[in-house]
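Everything on this sheet refers to the single structure shown next.
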Amino acid sequence: MSLKIFMCPPDYYYNIDYEINPWMKKGTACANQAAVERWNELKSIIHSLGAEVLTMKPQPGLPDIVFTANAALIYRDKAVISRFRHKERQPEEKFYEAWLLEQGFKTVRLPENVNFEGAGDALFSGETLYSGYIPRSDISSHAYISEALGIRIISLELVNPRFYHLDTCFCPLTDGYVMYYDKAFDEYGNRVIEANFPEEKRIVVNEEEAGLFSCNAVSISKSVIMNKTTDRLKKVLADKGFNTYEVDLSEFMKAGGSAKCLTLKLNEHSV
Ligand code: ARG
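For the sequence shown, the working numbering assigns the number 12 to the initial residue and increments by one for each residue that follows.
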């Protein structure tokens, strides 16, 4: 079975109308045509790597709906639907939920007062889920999710406001590797990562690479797709057997998102 990835095209992606993370500056114009082209380029690369891309119709007035990583956390036949922290994104929840139900997922709803932003804050390395908290997701979500899905969760506190979702600074890769920005975590968070990934499996990005959202990468077997990055990181990845594919995703970075945010793996645990 091929890997299935969920994406939503940026048809209504025009302006930054609200600020809910430090990357967003109200009034910034997004070049819609360029966004559509770059999004299509990302989609073609994913497709060329053997994955199937499934799409949902976007909604006018909900520009951030393109960031499907935040739709839900998927595990086998279950989808834990997000409960967004900010009111600007809460109307997206029902569209994501309806689409995932249509795809045959059993949806899980968290209690109303528990915020959780899906795969943006929850990434698997094998069967272990790493889950970020504070800026967008509440740590209380972790216990609910662990019970609903029957999985082990390792909680990681996000301490740097620029890296407000775990997927902006932490990226598990194939063969037990992890690429991350150490300064997005405090000393304790770093100790937790070090305790779970042996040194030879850890790829630490520098400040420049973190700022280019290099950790916000789509990992498909030994290929890694990301926004334009440095030669240094490409070399480090190549030395560990990874091919890097770059797409200029600067239009989406105006909203604080990049490659990984624009995708959601639907069957990571069944392929
Ligand atoms: N503007 C969006 C927000 O602040 C960007 C989301 C990026 N998604 C992600 N998974 N990091 O919610």
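Backbone N, C-alpha and C fix where the C-beta goes; we use that ideal spot for every residue, glycine too. Everything numeric in this text was worked out from a predicted model, so none of it was measured.
Keeping to the same chain, check which residues put their C-beta closer than 6 Å to that of residue i; ignore five residues upstream and five downstream.
i, result
"F17", "L65, T79, L275, L277"
"A82", "Y107, G129, L275"
"S232", "T185"
"V119", "K89, V91, A159"
"N32", "Y175, G267"
Could you check if residue i belongs to the surroundings of ligand 1, using beta carbon to heavy atom distance under 6 Å?
i, result
"E131", "Per the sequence presented here, residue 131 reads as Gly, with Glu not at that position. True, at least one ligand heavy atom lies under 6 Å from that Cβ."
"G267", "yes"
"N149", "Going by the sequence as given, residue 149 is Asp instead of Asn. D149 Cβ: outside cutoff for every heavy atom of ligand 1."
"N32", "yes"
"D178", "yes"
"C182", "no"
Thinking C-beta only, is residue j closer than 7 Å to residue i?
i, j, result
"S283", "L60", "Shown here, the chain extends from 12 to 282; a query on residue 283 therefore has no answer."
"S169", "I204", "According to the sequence shown, residue 169 is Leu rather than Ser. Contact flag unset, no."
"P183", "S136", "yes"
"E48", "K37", "no"
"K42", "L84", "A small correction: the amino acid at residue 42 is Ala; Lys does not occupy that position in the sequence shown. Cβ distance not < 7 Å, so A42 and L84 don't count as in contact."
"A228", "A270", "yes"
"G200", "L167", "yes"
"I285", "I56", "With the chain covering only 12 through 282, there is no way to say anything about residue 285."
"C326", "P71", "Residue 326 lies beyond the stretch modelled for the chain, which goes from 12 to 282, so this question has no answer here."
"A46", "Y24", "yes"
"L260", "T240", "no"
"D149", "N171", "no"
Spatial neighbours of residue i within its chain, please: C-beta separation below 7 Å, excluding the five flanking residues on both sides.
i, result
"K212", "G187, Y188, V189"
"I164", "L140, S142, H153, I156, S157"
"Y86", "L160, I162, H280"
Identify every residue that forms a DSSP beta bridge with residue i.
i, result
"V215", "Y191"
"I156", "BP columns for I156 are empty, so no partner."
"L65", "F17"
"T79", "In DSSP, T79 forms no bridge with anything."
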